[in-house]
Amino acid sequence: MIGQSHGASRAFARFGRYYGKRKEPRMNNTPRSFRIGAVTVTVLVESSGPLLHPAELYPDSTPEIIAAQGNWLRPHLYDAASDRLVLAMQSFLLHSGGKTILVDTCVGDCKRRVRSDFDRAEWGWLSRLQEAGVAPEQIDIVLSTHLHVDHVGWHTRLVDGNWVPTFPNARYLFVKPEYAYWRSEVGKTALERTGDYIEDSVQPVFDAGLADLVEPDHRIDASLRLVPTPGHTPGHACVEINSEGQGAMITGDLLHHPLQCCFPQWSTRFCTDSEQARATRLAFMAKHAEQGTLLFPSHFPAPTAGRLSRADADGNLSYTYSFVDF
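According to UniProt numbering, the residues represented by the sequence shown are 1 to 326, in order.
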């Protein structure tokens, strides 16, 4: 494994050059917009910073592997002082076909959570939405790539002591097998790790009559559709954008951190089915590296968007992730 990590480090030299030419890290929360044909994608950051120890996210990680990656990981993707990977919590605001669509809604404010980083936090994410020129009432569709705690938080907000839908005029889309899992006994047991965010962030949407259950391959409009990518969770789905001959994918938690590009066989501790997640991820990465698809991984820090390319190192499967900044 250590031999592989040295090779992966060499393969990732392009990332170091990208950040090396900048005087300051791009870890600010300013909304950033990308144009994909007639579709606009704006990244709305709730938070970005050191969050998880490498082995907490990736059980196959070791201190030796992380040390071998130091040249390109530090400081923008890994904080050595705290031994934590830098991760972003962010949403993707889409303007497509005359509709305003929000993908993933982060952690949310004032919610009781098991993780201290999230517990009753106040991020000010709504101000980022306003900076992007959109009021909550203007959102037409809300969807999550999956129903983990950091992807549904702003589905609701606290008003007069009650959790109410943040986007009162939107239809909230939920993938059927994903919702069914989190309402099953197995899913309810899994919620003990985080706190029952389904009860405060999802159920109020159903109670308000704003929820629609959709198939994993649901088409949102002529330019947007869901692509089933199960494994991290049973109903995990990416959002595919195709417009005017240009394409992109919002990948949710198919990939968590650029380190995983070096070690694509690593699944996370939070995957409900590690083997299925691995198979889904390897097939996805091979296909989209070959196609040069623009990707928007949910937790990659700014500038977030980028492309995969194959860069096998020391005889081991590996990829580079080349960030782009429009």
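We put the CB at the ideal spot given by N, CA and C, even for glycine.
Three-way DSSP call (helix, strand, coil) for Q246 in this model = If you number the sequence shown from 1, residue 246 lands on position 246. If DSSP states are grouped into helix, strand and coil, Q246 belongs with the strands.
Could you name the residues of the same chain whose beta carbon sits closer than 8 Å to that of K176, not counting the 5 residues immediately before and after it, in chain order?
-> Here residue 176 is taken as the residue at index 176 of the sequence shown, counted from 1. L213, V214, E215, P216 and G235.
Looking at C-alpha atoms only, which residue of C271, T304, A283 and V324 is the closest neighbour of Y58?
-> What you label residue 58 is simply residue 58 of the sequence shown in a count that begins at 1. The option with the nearest alpha carbon to Y58 is C271.
Given that a residue counts as buried once 16 or more other Cβ atoms are within 10 Å of its Cβ, and exposed if not, what is residue 330?
-> Any question about residue 330 goes unanswered here, given that the chain covers just 1 to 326.
Segments of 3+ residues assigned as beta strand (DSSP E) that fall wholly inside the region 87 to 148 | The region 87 to 148 is shown to contain whole beta strand (DSSP E) runs of 3 or more residues at 99 to 103 and 141 to 143, in chain order.
Reduced DSSP secondary structure (H/G/I, E/B, other) of V186 | Numbered from 1 along the sequence shown, position 186 holds the residue referred to as residue 186. Residue state, collapsed to three classes: helix.
Quick one: what does DSSP say P204 is sitting in, helix, strand or coil?
-> For this step, residue 204 is matched to residue 204 along the sequence shown. Secondary structure of P204 (DSSP, three-state): helix.
Residues that DSSP places opposite R32 in a beta bridge | As a working note, residue 32 is residue 32 in the sequence shown. R32 has V43 as its beta-bridge partners, per DSSP.
Exposure of R183, with buried meaning 16 or more beta-carbon neighbours within 10 Å | Reading the sequence shown from its first residue, position 183 is the one you call residue 183. Under this definition R183 is an exposed residue.
Apart from the five residues just before and just after H257, which ones in its own chain have a Cβ nearer than 6 Å to its Cβ?
-> Translated into positions along the sequence shown, residue 257 becomes position 257. Same-chain partners within the cutoff: L85.
Beta-carbon proximity list for D325, same chain, < 7 Å, skipping 5 on both sides = Working through the sequence shown from its first residue, we reach residue 325 at position 325. Cβ within range, chain order: P303.
Counting along the chain, where does the beta strand (DSSP E) carrying G70 start and finish?
-> Looking up residue 70 in the sequence shown gives position 70. From DSSP, G70 is part of no beta strand (DSSP E) but of the alpha helix (DSSP H) over G70 to L73.
By DSSP, does Y78 sit in helix, in strand, or in coil?
-> Residue 78 sits at position 78 when you count from the first residue of the sequence shown. Y78 sits in a strand when the DSSP states are folded into three classes.
Is DSSP giving R269 helix, strand or coil here?
-> Position 269 of the sequence shown holds residue 269. Three-state DSSP puts R269 in coil, outside helix and strand.
Cβ-based neighbour list, E56, same chain, cut-off 7 Å, excluding 5 preceding and 5 following = The residue given as residue 56 occupies position 56 in the sequence shown. Once the five neighbours on either side are set aside, the close Cβ partners of E56 are R269.
S47 burial status per 10 Å Cβ neighbour count (16 or more: buried) | On the sequence shown, residue 47 is found 47 positions in, with the first residue counted as 1. Buried, by the Cβ-count rule.
Runs of alpha helix (DSSP H) wholly within the region 272 to 305 (minimum 4 residues, chain order) | Taken in chain order, the unbroken stretches of alpha helix (DSSP H) that lie wholly in the region 272 to 305 and span 4 residues or more are 274 to 291.
Sorted by chain position, which residues of the same chain lie with C-beta nearer than 7 Å to S322's C-beta, five sequence neighbours on each side aside?
-> Taking the first residue of the sequence shown as position 1, residue 322 is located at position 322. Counting only residues of its own chain and dropping the five nearest sequence neighbours on each side, S322 has a CB closer than 7 Å to the CB of R14, G306, R307 and S309.
The region 79 to 99 touching the region 34 to 53, judged by at least three CB pairs closer than 8 Å = Yes, the region 79 to 99 touches the region 34 to 53.
Going by DSSP, what residues sit across from P50 in a beta bridge?
-> Here residue 50 corresponds to residue number 50 of the sequence shown, with the count starting at 1. Beta-bridge pairing links P50 to V86.
Terminal residues of the continuous beta strand (DSSP E) containing L259?
-> The count along the sequence shown starts at 1 and reaches residue 259 at position 259. From DSSP, L259 is part of no beta strand (DSSP E) but of the alpha helix (DSSP H) over L259 to C262.
What is the DSSP secondary structure of D160, reduced to helix, strand or coil?
-> Numbered from its first residue, the sequence shown carries residue 160 at position 160. Annotated three-state conformation of D160 is coil, per DSSP.
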